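Visitor: Take the position in the sequence shown, starting the count at 1, then add 62; the result is the number in my numbering.
Yeah, the Cβ is synthetic: ideal placement off N, Cα and C, and Gly gets one too.
These numbers were taken from a predicted model, which means no experiment stands behind them.
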Amino acid sequence: MTLMTRILAATTALTISGTATLAETKWDLTTAWGANNFHAQSAIAFADAVRDATDGGVDITVHLSGETGVKITEKLAAVENGIVQMADMLLFLQAGEEPFLGIDTLPYLIQGQDEMKTWLEVAGPTYDAIFERHNQKVLYYVPWPSPGVYTKEPVVSADDMNGLRIRSFNATSFTFLEKMGAAPVELPFEELATAVAAGTVDGAATSTSTGANSKLYQFTGNFNPLNWSMSPDAVTVNLDAWNGLSEQERETIQTLADEMEADFWAASAQEDASKTAVLVENGMVISQADDSLKAKMAEAGKAMWADFFKTVPEAEAIVEAYAAQTGK
63 MTLMTRILAA TTALTISGTA TLAETKWDLT TAWGANNFHA QSAIAFADAV
113 RDATDGGVDI TVHLSGETGV KITEKLAAVE NGIVQMADML LFLQAGEEPF
163 LGIDTLPYLI QGQDEMKTWL EVAGPTYDAI FERHNQKVLY YVPWPSPGVY
213 TKEPVVSADD MNGLRIRSFN ATSFTFLEKM GAAPVELPFE ELATAVAAGT
263 VDGAATSTST GANSKLYQFT GNFNPLNWSM SPDAVTVNLD AWNGLSEQER
313 ETIQTLADEM EADFWAASAQ EDASKTAVLV ENGMVISQAD DSLKAKMAEA
363 GKAMWADFFK TVPEAEAIVE AYAAQTGK
């Protein structure tokens, strides 16, 4: 069943019966992503479904590409203060206000969607408490595809990254690449292609989506998914706005979020698969880590977990409970 078929079925089943809604509630949802991004498309599909299911009673406008002026690192505060009623936010970018939210970037912690589901089950109450503290609640989560490394030569074993100048995408990836033996580089993404072509950088750490969209296959011939971490976006709603709805409207919207979330996760997986296909079609070789590289990644990751616990002590018990379930 396609995403739109599911949406139509859900909205038909959930449409509020009875007399027409007397008052229309208008909400703004801000996302940093553009119209072609699967997170933005999911947000638009959700807004359309809510509008249909409430017979227009709750009208959500999705603002793309940060057009509301809310910075990508200020989504938590913007929803808390009612600047916008809703936001699609990448959690680790809100860690400046809530350090725990940076945890999903830790290497070897969350690898793939199955582990993400387990992580959210274990850490969900902590996330709920954080968002409630900031006057909002999460309606649904959607994971990003995991990052890998694009290089000129294949990266397969533990020593293959030694000395490689790899463009990192955040502080955690910089530290991780360093522990893996690489020489991470801080570089604006728009300068990456020129730097790789000139030989001043050997490659980049990023997802299949970014790699395919940026045509990194023109400058690098190899990609190893590595799958060292997975980060979620969360779509949240301001609690004052949420509590201002009728009980029936809240139930309808929450049911939609619960039912549609699986399709949004499937869209993320499809994004990864389709962009991997684009890389292959353009001649890129996809490599897989051998046991030595996996062991090195686990060692580096767990060392970074320990460092994270020093600054966010409450994370340790949560990670221990999660690791017990996943065998890490």
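1) In the DSSP assignment, find the unbroken alpha helix (DSSP H) run with Trp367 in it and report its ends.
2) The beta strand (DSSP E) with Met151 in it runs from where to where?
3) Return the chain-ordered list of same chain residues with a C-beta closer than 7 Å to the C-beta of Phe371, the five sequence neighbours on each side being excluded.
4) Which residues in the same chain as Val200 place their Cβ atom closer than 6 Å to its Cβ, once the five residues preceding and following it in sequence are excluded?
5) Rounded to whole angstroms, how far is the Cβ of Ile172 from the Cβ of Met292, which I believe are closer than 8 Å?
6) Would you mind working out which of Met151, Trp304, Thr234 and Pro187 sits nearest Pro209, comparing C-alpha positions?
7) Measuring only the C-alpha atoms, how far is Ala257 from Val263?
8) Which of helix, strand or coil does DSSP assign to Ser336?
9) Between the Cα of Gln280 and the Cα atoms of Glu333, Val340 and Leu301, which residue gives the shortest distance?
10) Looking only at its own chain, which residues have a Cβ that is under 6 Å from the Cβ of Gly273, when we skip the five neighbours before and after it?
11) Answer yes or no: the CB of Met242 versus the heavy atoms of the ligand NAP, is any distance below 7 Å?
12) Taking the beta carbon of Asn224 as the centre, do at least 16 other beta carbons fall within 10 Å, making it buried, or is it exposed?
13) Check whether the Cβ atoms of Leu91 and Ile122 lie closer than 8 Å to each other.
14) What is the DSSP secondary structure of Trp327, reduced to helix, strand or coil?
15) Give the single residue among Asp222, Thr87 and Asp190 whose Cα lies nearest to the Cα of Asp352.
16) If we ignore side chains and look at the alpha-carbon of each, how far apart do Pro250 and Asn232 end up?
17) For a quick check, are the C-beta atoms of Asp150 and Thr93 less than 8 Å apart?
18) If you draw a straight line from the alpha carbon of Gln387 to that of Gly118, how long is it in whole angstroms?
19) CA-CA distance, Ala383 and Gly186?
20) Per DSSP, Val200 is paired with what?
21) Using the Cα positions of Glu176 and Leu182, report the straight-line distance between them to the nearest angstrom.
22) Can you tell me the Cβ-Cβ gap for His196 and Glu142, rounded? I've got them flagged as a contact below 8 Å.
23) Could you check where the beta strand (DSSP E) with Thr213 kicks off and where it finishes?
24) Provide the residue(s) that pair with Ala266 in DSSP beta bridges, ordered along the chain.
25) Can you list, in chain order, the residues of its chain whose CB lies under 8 Å from that of Asp166, leaving out five sequence neighbours each side?
26) In the structure shown, what three-state DSSP assignment does Ile106 receive?
27) Looking at Pro246 and Ser269, is the spacing between their C-beta atoms short of 8 Å?
28) Gly306 and Leu168: beta carbons closer than 8 Å?
29) When the Cα atoms are used, what is the spatial distance from Ala157 to Pro375?
30) Just to confirm my understanding: we take Met148, look at its own chain, exclude 5 residues before and 5 after, and list those with CB closer than 6 Å. What are they?
31) Assuming contact is defined by CB atoms lying nearer than 8 Å, are Pro205 and Trp327 in contact in what I supplied?
Guide: Well, looking at it:
1) From DSSP, the alpha helix (DSSP H) with Trp367 extends over Asp353 to Thr373.
2) Per DSSP, Met151 belongs to the beta strand (DSSP E) from Met148 to Leu152.
3) Ala377 and Glu378, listed in sequence order.
4) The answer, listed in chain order, is Phe193, Ala296 and Thr298.
5) Contact flag correct, Cβ pair sits at about 4 Å.
6) Comparing Cα positions, the closest option is Thr234.
7) Computed Cα separation, rounded: 5 Å.
8) Ser336: helix per DSSP, three-state reduction.
9) Nearest neighbour of Gln280 by Cα position, chosen from Glu333, Val340 and Leu301, turns out to be Val340.
10) Excluding positions up to five away in sequence, the list reads Tyr212.
11) Absence of the ligand NAP from the depicted structure is noted, as is the absence of any ligand whatsoever, leaving it without description.
12) Exposed is the call here.
13) Going by C-beta atoms, Leu91 is nearer than 8 Å to Ile122.
14) Note: Trp327 maps to helix in three-state DSSP.
15) Shortest Cα-Cα distance from Asp352 to any of Asp222, Thr87 and Asp190 involves Asp222.
16) Those two C-alpha atoms are separated by around 11 Å.
17) Yes, the pair counts as a contact, with Cβ atoms nearer than the cut-off.
18) Roughly 43 Å between the two C-alpha positions.
19) Cα to Cα, the separation comes out at about 12 Å.
20) Partner(s): Thr298.
21) It is Asp, not Glu, that sits at residue 176 in the sequence shown. Roughly 10 Å separates the two Cα atoms.
22) Going by Cβ atoms, the distance from His196 to Glu142 rounds to 4 Å, so yes, they are a contact pair.
23) Run containing Thr213: Pro209 to Thr213, per the beta strand (DSSP E) assignment.
24) Tyr212 and Arg229, per the DSSP bridge assignment.
25) These residues qualify, in order along the chain: Leu153, Phe154, Ile172, Trp181, Ser291, Met292, Ser293 and Pro294.
26) Helix, per DSSP.
27) In this structure, the beta-carbon distance from Ser269 to Pro246 does not fall below 8 Å.
28) No, Cβ-Cβ distance for Gly306 and Leu168 is not below 8 Å.
29) C-alpha separation (whole angstroms): 15 Å.
30) Trp89, Leu91 and Val299, listed in sequence order.
31) For Pro205 and Trp327, yes; Cβs fall inside 8 Å.
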